[in-house]
Amino acid sequence: MLTAVTTLAITVTAEPPVAPMRMMSADRTLNDFAAELRSAGQAPQAEFLLTAGPAALSKTADPDHFTASCVVFDLAADDRRVLLQRHRKTGKWMQFGGHVEAADASFAAAAARELTEEAGLRSWRWFSPVPVSVTSYALSAQHGRCARHRDVLFAADVSEREAVSVSVESHALGWFSLDTLPDQLMPDLTDRLPTLWDAACRLAER
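Counting in full-length UniProt numbering, the sequence shown runs from 1 upward without gaps.
Set out below in structure tokens:
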């Protein structure tokens, strides 16, 4: 049985068209992004990035590229609560995230931007500046030319009382207990969310 889901008024903003790949900004380098991957114990992913070059940070340049995402927990909740979005493209409940943009100075910055864009959050506490996980997975044809995502995932601590808003990319947002997750959940998250909660808590204790 599902926990109650709060469906919020939707604030819709026009989604900008995908821009062609641009040169990396002066305040970020591939080595900076690679360092984030190494900090999470992901040396092979860092080497892939350095070999592939800036194309691996752009959805328009390489079908196999990195994304950044964030799973949102309420650390103070007794029943291990997670904030999820029901994504319009997939129809599934999932974490917040998306492609790295040219203005993003790091994977963490990309995850933070996505969290603000997709959940309307302005304030949160990172469990750690280090990514919680990096997951590589193949994509279905519905994702167009994107063939594989290498998702760099961070974890944020947010009170359930914090105001959130639904973006144009989602049908709804909802807080769930990890013990009563929704049926229409991205399949990999059923097993991953409890593991991610434990990993985030360990990082927070450092």
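For glycine and all other residues, C-beta sits at the position ideal for the given N, C-alpha and C.
Predicted model only: the values in this text are computed from it and were never measured.
Where do the ends of the beta strand (DSSP E) carrying residue i lie?
i, result
"R86", "81–87"
"C70", "64–74"
"R148", "148–157"
"T180", "Run containing T180: none; DSSP gives neither H nor E here."
"F96", "96–99"
In or out: residue i buried (at least 16 other Cβ within 10 Å) or exposed?
i, result
"V129", "Note on identity: in this sequence residue 129 is Pro, with Val being the wrong assignment. P129 comes out exposed."
"P44", "exposed"
"G174", "buried"
"Q184", "exposed"
"K89", "exposed"
"A26", "Only weak support is given to the placement of A26: the predicted model assigns it a pLDDT of 43, under 50, and the value that follows is read from those uncertain coordinates. Exposed is the call here."
"R22", "Its pLDDT being 40, under 50, R22 is placed unreliably in this model, and the value from its coordinates should be taken loosely. Classification for R22: exposed."
"R161", "exposed"
"A199", "buried"
"E205", "exposed"
"G97", "buried"
Can the beta-carbon of residue i be found closer than 8 Å to that of residue j?
i, j, result
"L153", "P131", "yes"
"D191", "S106", "no"
"M94", "L189", "yes"
Throw me the rounded Cβ distance for the residue i and residue j pair, which I believe falls under 8 Å.
i, j, result
"D62", "A55", "4 Å"
Span of the alpha helix (DSSP H) holding residue i?
i, result
"W197", "189–204"
"L50", "43–52"
"S116", "Note that residue 116 is Thr in the sequence shown, not Ser. Segment 107–119, the alpha helix (DSSP H) holding T116."
For the ligand FMN, I want to know if residue i counts as a neighbour, meaning its beta carbon is within less than 7 Å of at least one of the ligand's heavy atoms.
i, result
"D104", "Although the ligand FMN was asked about, the structure shown includes no ligands whatsoever."
Can at least three beta-carbon pairs, one atom from the stretch 117–129 and one from the stretch 165–174, be found at a separation below 8 Å? yes
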